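Down below is the structure, laid out as structure tokens.
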Amino acid sequence: MKHLNLWLSSLTAVALMATAGAQIWDETANGGGDAGDLPSSAQVVSGVHTMPLTRITGRMATGGEVDMFAILICNPDQFFAHTGNTSETTYDTKLTLFDSQGRPLWMNDDRPNETAITGHPPNGIGGLRSYIGGGASAGLYRSSDTPSVAGSATWGLPGPGLYYLAISHWQRNPRVGSADIFHESSPYDPIYAPKAAAAGSPIDNWGGSTTTTGSYTIHLGGACFVPEPASMVALGAGLAGLLGLRRRKK
Ligand SMILES: [Ca+2]
Ligand SMILES: [Ca+2]
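Numbering (our numbering), first residue to last: 7 to 256.
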């Protein structure tokens, strides 16, 4: 029982240290440079897995740059991603969510009327900024094959696990070959499921162009850092250190 107690108290200490740290991932400060635009080059938002991930900050340093991040969605029922107010995100965004294989799930260009989003986000979302998540009115979830049909898609995610989240300027469109994956014209406020013909194929390029540059903040709910071998080693070292300390004090 003594061993078990040490183990539990050490885990608690490590969890507390983790909670006290930043819950923000910055593309440059934490990611070390520009995030890529496809799953193969996406920045992996990694860290101690007990920490919720509440924000990703970054830059569209050159016009048309798309940034993609690998995140863990640990609580799918609570998941949302949005690009904040017009000070936090300085340009007209689009958010696209892909599964762990890079297959498209959801896209939004211009957030639904924020009064329709139940429960979150508390601070509102700027005009032309983007929102993916539950809680919007049912009519705003739509299939890209029937963009004018209210409620032609139903919000949901496959389950907890690894996902890819991309932020782009609204004039950059995720594609498979030369075909757009989503409906890419008016109306812009629905949260779109992909065209059925593209739903099973991983994204392989982005169409469109823009010369706009700017910075962004993506707010997140239900998301966690991706556990990586290095963070598990750090966790192990922390436990060993704490156990060693206990032993020396005896
Ligand atoms: Ca970037
Ligand atoms: Ca937009």
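From the three backbone atoms N, C-alpha and C, an ideal C-beta is built for every residue, glycine too.
Because the structure is a prediction, the values reported are computed rather than measured.
(request) Measuring from each Cβ to the nearest heavy atom of ligand 1, keep the ones under 7 Å and list them in chain order. (result) E33, D40, A41, G64, R65, M66, A67, E71 and D73
(request) Please name the residue, chosen from P110, G227 and I131, that lies closest to P200 on a Cα-to-Cα basis. (result) Residue numbering aside, residue 200 sits at position 194 when the sequence shown is read from its first letter. Per the Cα distances, P110.
(request) Would you mind stating whether R148 and P196 have Cβ atoms separated by less than 7 Å? (result) Numbered from 1 along the sequence shown, position 142 holds the residue referred to as residue 148. Numbered from 1 along the sequence shown, position 190 holds the residue referred to as residue 196. Going by C-beta atoms, R148 is nearer than 7 Å to P196.
(request) Output yes or no for whether 7 Å exceeds the beta carbon distance between W176 and D98. (result) Residue mapping note: residue 176 aligns to position 170 of the sequence shown, counting from 1. Residue mapping note: residue 98 aligns to position 92 of the sequence shown, counting from 1. Contact: yes.
(request) Determine the burial state of T68: buried for a count of at least 16 other Cβ atoms within 10 Å of its Cβ, exposed for fewer. (result) In the sequence shown, residue 68 corresponds to position 62, counting from 1. It counts as exposed.
(message) Taking 6 Å as the cut-off, is the beta-carbon of W112 closer than that to any non-hydrogen atom of ligand 2?
(response) Here residue 112 refers to the residue found at position 106 of the sequence shown. Because no heavy atom of ligand 2 lies under 6 Å away, the Cβ of W112 does not count as near it: no.
(message) On the criterion of 16 or more Cβ atoms from any shown chain inside 10 Å, does N114 qualify as buried, or is it exposed?
(response) Along the sequence shown, read from residue 1 onward, the residue named residue 114 stands at position 108. N114 is buried by the Cβ-count criterion.
(request) Go ahead and pull the three-state DSSP assignment for D73. (result) Here residue 73 corresponds to residue number 67 of the sequence shown, with the count starting at 1. If DSSP states are grouped into helix, strand and coil, D73 belongs with the strands.
(message) In this structure, how does DSSP classify Q84 when only helix, strand and coil are distinguished?
(response) The count along the sequence shown starts at 1 and reaches residue 84 at position 78. Reduced to three states, the DSSP call for Q84 is helix.
(message) What does the alpha-carbon distance come out to for the pair G133 and Y170?
(response) Along the sequence shown, read from residue 1 onward, the residue named residue 133 stands at position 127. Along the sequence shown, read from residue 1 onward, the residue named residue 170 stands at position 164. Cα-Cα distance, rounded: 24 Å.
(request) Just jot down, in chain order, the residues whose CB lies closer than 6 Å to any heavy atom of ligand 2. (result) D98, T99, K100, D115, D116, L134, S136 and W176
(request) Under 8 Å by Cβ, that's how I've got R135 and T160 pegged, so tell me the actual separation to the nearest angstrom. (result) Here residue 135 refers to the residue found at position 129 when the sequence shown is read from its first residue. Here residue 160 refers to the residue found at position 154 when the sequence shown is read from its first residue. Not confirmed; about 24 Å, so no contact.
(request) For the beta strand (DSSP E) containing L103, list its first residue and its last residue. (result) Stepping through the sequence shown from its first residue, residue 103 is reached at position 97. Per DSSP, the unbroken beta strand (DSSP E) holding L103 starts and ends at T99 to F104.
(message) Tell me whether the region 65–81 and the region 27–46 touch, counting them as touching only if at least three CB pairs, one residue from each stretch, are closer than 8 Å.
(response) yes
(request) Give the single residue among P233, L226 and F231 whose Cα lies nearest to the Cα of L101. (result) Looking up residue 101 in the sequence shown gives position 95. Out of P233, L226 and F231, L226 has the C-alpha closest to the C-alpha of L101.
(request) Could you work out which residue in E33, L103 and R178 is closest to T217 when comparing CA atoms only? (result) One-based indexing of the sequence shown puts residue 217 at position 211. Answer by Cα proximity: R178.
(message) Here's the rule I'm using: 16 or more other beta-carbon atoms within 10 Å means buried, otherwise exposed. How should P193 be labelled?
(response) Here residue 193 refers to the residue found at position 187 of the sequence shown. Looking at its Cβ environment, which holds fewer than 16 other Cβ atoms inside 10 Å, P193 is exposed.
(message) Helix, strand or coil, according to DSSP, for G145 in the structure here?
(response) Residue mapping note: residue 145 aligns to position 139 of the sequence shown, counting from 1. DSSP places G145 in helix when its eight states are reduced to three.
(message) Taking a contact to mean a Cβ-Cβ separation below 7 Å, would you say Q29 touches T60 in this structure?
(response) Position 23 of the sequence shown holds residue 29. Position 54 of the sequence shown holds residue 60. Against a cut-off of 7 Å, the Cβ pair of T60 and Q29 comes out as a contact.
(message) Counting C-beta neighbours from all protein chains within 10 Å, is the total for V51 16 or more, i.e. buried, or is it exposed?
(response) As a working mapping, residue 51 is identified with position 45 in the sequence shown. V51 should be labelled buried.
(message) Does V54 come out as helix, strand or coil in the three-state DSSP assignment?
(response) Translated into positions along the sequence shown, residue 54 becomes position 48. V54: coil per DSSP, three-state reduction.
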